[in-house]
Amino acid sequence: TQQESLVAVTLAAGGGTVGVAGAVGVVVLSTQAWAKTGAHVTITAGNNAAFLTRDDTKVTGITGGAAGGFVGVGVGVYVLDLTKDTESTIASTSSVTGNAGTTDALGGISDGTVDLTTGFGFAPFRGVAVQAQSSENVFGLVISIGGGFVGVAVPVGVTLLHVTTAATVAGTISSGRDVSISALDDM
Numbered sequence: 102t103q104q105e106s107l108v109a110v111t112l113a114a115g116g117g118t119v120g121v122a123g124a125v126g127v128v129v130l131s132t133q134a135w136a137k138t139g140a141h142v143t144i145t146a147g148n149n150a151a152f153l154t155r156d157d158t159k160v161t162g163i164t165g166g167a168a169g170g171f172v173g174v175g176v177g178v179y180v181l182d183l184t185k186d187t188e189s190t191i192a193s194t195s196s197v198t199g200n201a202g203t204t205d206a207l208g209g210i211s212d213g214t215v216d217l218t219t220g221f222g223f224a225p226f227r228g229v230a231v232q233a234q235s236s237e238n239v240f241g242l243v244i245s246i247g248g249g250f251v252g253v254a255v256p257v258g259v260t261l262l263h264v265t266t267a268a269t270v271a272g273t274i275s276s277g278r279d280v281s282i283s284a285l286d287d288m
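In terms of this note's numbering, the sequence shown opens at residue 102 and continues consecutively.
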């Protein structure tokens, strides 16, 4: 499990006969969260086996430029470039066995349901689970104020999201109960 929480605030102000203010905020964030077997790995569990990856990201960006005068020019620019890679993988030359020999269950495994109000559904699970889960909560606000006889305001906000969330089984899985393979992303 991995979490990132970032708050970026950039402000500028200017005044005079010709007042000019420019604020530029740029956030570049790249994350990787992986649960992967290597090559030629054999895993045998008497009960449940799980490869679980989770990455939750929260970004808040506020940028503002305000200027006043006979001529006032306020500029605010905010750019967010977020790249995420969240993967759970059983490699092609690997095998995983979960005998699920007891009544103990894994928690937090997707049951395949989605509710528009509460999001993804989860339930107790017995067997082998391969799950990648990612969430992105992004808020950006750009404010520009230009005041005077001639007032100019230029707000620019750009958000670029490059998100990969994958659950992959290239090898073999054996289970005494069930097998769950899920990739979940919540933006």
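The beta carbon of each residue, even a glycine, is placed where N, CA and C say it ideally should be.
| Check | Outcome |
| --- | --- |
| If we count the other Cβ atoms within 10 Å of its Cβ and call it buried at 16 or more, is A271 buried or exposed? | exposed |
| Would DSSP call H263 helix, strand or coil? | strand |
| Where do the N-terminal and C-terminal ends of the beta strand (DSSP E) with N238 fall, by residue? | 228-248 |
| Where does T206 fall in DSSP's three states? | The residue asked about is misnamed: residue 206 is Ala in this sequence, not Thr. Correct three-state label for A206: coil. |
| Check each candidate in S211, V174, G208 and name the one with the smallest Cα separation from P256. | V174 |
| Could you tell me the alpha carbon to alpha carbon distance between G277 and A192, rounded to whole angstroms? | 21 angstroms |
| Can you check whether the CB of G249 is closer than 8 angstroms to the CB of G115? | no |
| So who's on the other strand from S193, going by DSSP bridges? | Per DSSP, none; premise fails for S193. |
| Within 10 angstroms of the Cβ of G166, are there 16 or more other Cβ atoms? Answer buried if so, exposed if not. | buried |
| Sorted by chain position, which residues of the same chain lie with C-beta nearer than 6 angstroms to G252's C-beta, five sequence neighbours on each side aside? | G173 |
| Short of 6 angstroms in beta carbon distance, which residues of its chain neighbour G228, apart from the five on each side in sequence? Order them along the chain. | G199, A201, S276, R278, D279, V280 |
| In the DSSP output, what is L218 paired with across the bridge? | With the sequence shown as reference, residue 218 is identified as Thr, and Leu is not the correct amino acid for it. Beta-bridge pairing links T218 to no other residue. |
| Applying the criterion that 16 or more other CB atoms from any shown protein chain within 10 Å of the CB defines a buried residue, is G247 buried or exposed? | buried |
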